[in-house]
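Quick note, the sequence shown lines up with residues -19 to 273 if you use this note's numbering. No residue lacks a Cβ here, since even glycine has one placed at the ideal position from N, Cα and C. Only one structure is covered here, and it is reproduced in the block below.
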Amino acid sequence: MLPKGLWAPHEPRAVVPVFADAQTFLDFAVQPTFAPSVRSYAQPLYWALKKKKKPLAAAIDYYNLLLRRPLTFRAVLVSREGEHLAQWPLAKSLRVGDFFSANIGELMAKSGVASQDALLIVIANRGRTDLWSSSPGSLNVRYVGLRSICGFRTGLFARTLNPVHGAAHFGFTGLNPQVRFDNGTVPSVLLMNHSSEPEYDRAVAPVIRLHRSHDEYLEAPFGTIAPHGALERAIADLFPDAEAFLGASGGGYTVTRAKGATLASLHVMRARDRSSMALDHSRPAHTNVVAYI
-19 MLPKGLWAPH EPRAVVPVFA DAQTFLDFAV QPTFAPSVRS YAQPLYWALK
31 KKKKPLAAAI DYYNLLLRRP LTFRAVLVSR EGEHLAQWPL AKSLRVGDFF
81 SANIGELMAK SGVASQDALL IVIANRGRTD LWSSSPGSLN VRYVGLRSIC
131 GFRTGLFART LNPVHGAAHF GFTGLNPQVR FDNGTVPSVL LMNHSSEPEY
181 DRAVAPVIRL HRSHDEYLEA PFGTIAPHGA LERAIADLFP DAEAFLGASG
231 GGYTVTRAKG ATLASLHVMR ARDRSSMALD HSRPAHTNVV AYI
């Protein structure tokens, strides 16, 4: 469990991994959609009347609009076991067209935090006036290793996720349609057990299947993931017979499930000598879902 008060329910957030063997860089540019419009003033009332946005959150939207409050970003560093490590301001007074960048490795060093696998919770003081107060732009995350540069983009949202009180989520299904083995690379899956509330205290234990066809698969426990924590598992460790099972093509796909919680996932390809890494954010296309079904 994290300390109380690290963020407010109306503040948009994103969770991204930090890797010990790569430098982590963030950047964000404020898009023109941050400028108020007629729709901006109508949305909070609309969602409040639909009872999909709390009256307090709608009132905060109007407060931000009337005062033209700029964007402010901060970050909380959490261990893969869900323990609070550090927190920093990232940027303030951002308006349309403004930009910020941050080197997380430098911030960790200045705070006396050793290089390690961790998670970074990025928090904005406000977002758009839509249902989930989404960020007016994408957070770009880049990982720079010895011989590689990779990364992904994600948004910040204030949606209710894995709440402490109230209805739990039905569950999570993560699809990785590109699991391949060859002489140079090792595939793995990284899952993050995040929440919209710092007081979240539920560990999850997903189950993962390695498919070579819809009906032919191996199944294994993924491992326990702490609240606000993460776990990366190599496919070869989860399934020691994976290469033989997939056969000469070396290709297959994984399906990961967890009941009662929503997780975030990344699919990682690492060089066997750990010299490079590639990854993709798990957002399966409709065609992948149809093929799975």
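Residue 249 sits in a strand when the DSSP states are folded into three classes. Collapsing the DSSP output to three states places residue 133 in a strand. DSSP, reduced to helix, strand and coil, places residue 196 outside both helices and strands of the structure shown, so it counts as coil.
In this structure, the alpha-carbon of residue 149 lies about 5 Å from that of residue 241. Restricting attention to 57, 75, 76 and -16, the CA atom closest to the CA of residue 88 is found in 57.
Boundaries of the beta strand (DSSP E) around residue 260: 257 to 261. Leaving aside the five residues that flank residue 70 on each side, the residues in its chain whose CB is nearer than 8 Å to its CB run, in chain order, 6, 53, 54, 55, 80, 82 and 102. By the C-beta density criterion, residue 204 is exposed, having fewer than 16 other C-beta atoms within 10 angstroms. As for any beta strand (DSSP E) of minimum length 3 sitting wholly inside the stretch 43 to 71, the runs are 51 to 59, ordered along the chain.
Separation of residue 12 and residue 77 (C-alpha to C-alpha, rounded to the nearest whole angstrom) is 7 Å. In this chain, the alpha helix (DSSP H) harbouring residue 88 covers 84 to 90. Judged by DSSP secondary structure, residue 216 falls outside any beta strand (DSSP E) and instead within the alpha helix (DSSP H) spanning 215 to 218.
One thing to note: residue 28 has its Cβ no nearer than 8 Å to the Cβ of residue -11. Taking a contact as a CB-CB distance under 8 Å, the pair residue 85 and residue 4 counts as one, their CB atoms being some 6 Å apart. Residue 47 and residue 15 have their C-alpha atoms roughly 12 Å apart. For residue -3, the enclosing beta strand (DSSP E) stretches over residues -7 to -2.
When 32, 127 and 161 are compared, the shortest CA-CA separation from residue 1 is found for 127.
Pairing residue -3 with residue 171, the inter-Cα distance amounts to about 10 Å. A Cβ-Cβ separation of about 6 Å places residue 213 in contact with residue 202 under the 8 Å criterion. In this model, residue 113 and residue 138 are separated by some 6 Å (Cα to Cα). Ranked by Cα distance from residue -7, the first of 98, 136 and 178 is 136. Going by beta carbons, residue 259 and residue 246 fall inside the 8 Å limit.
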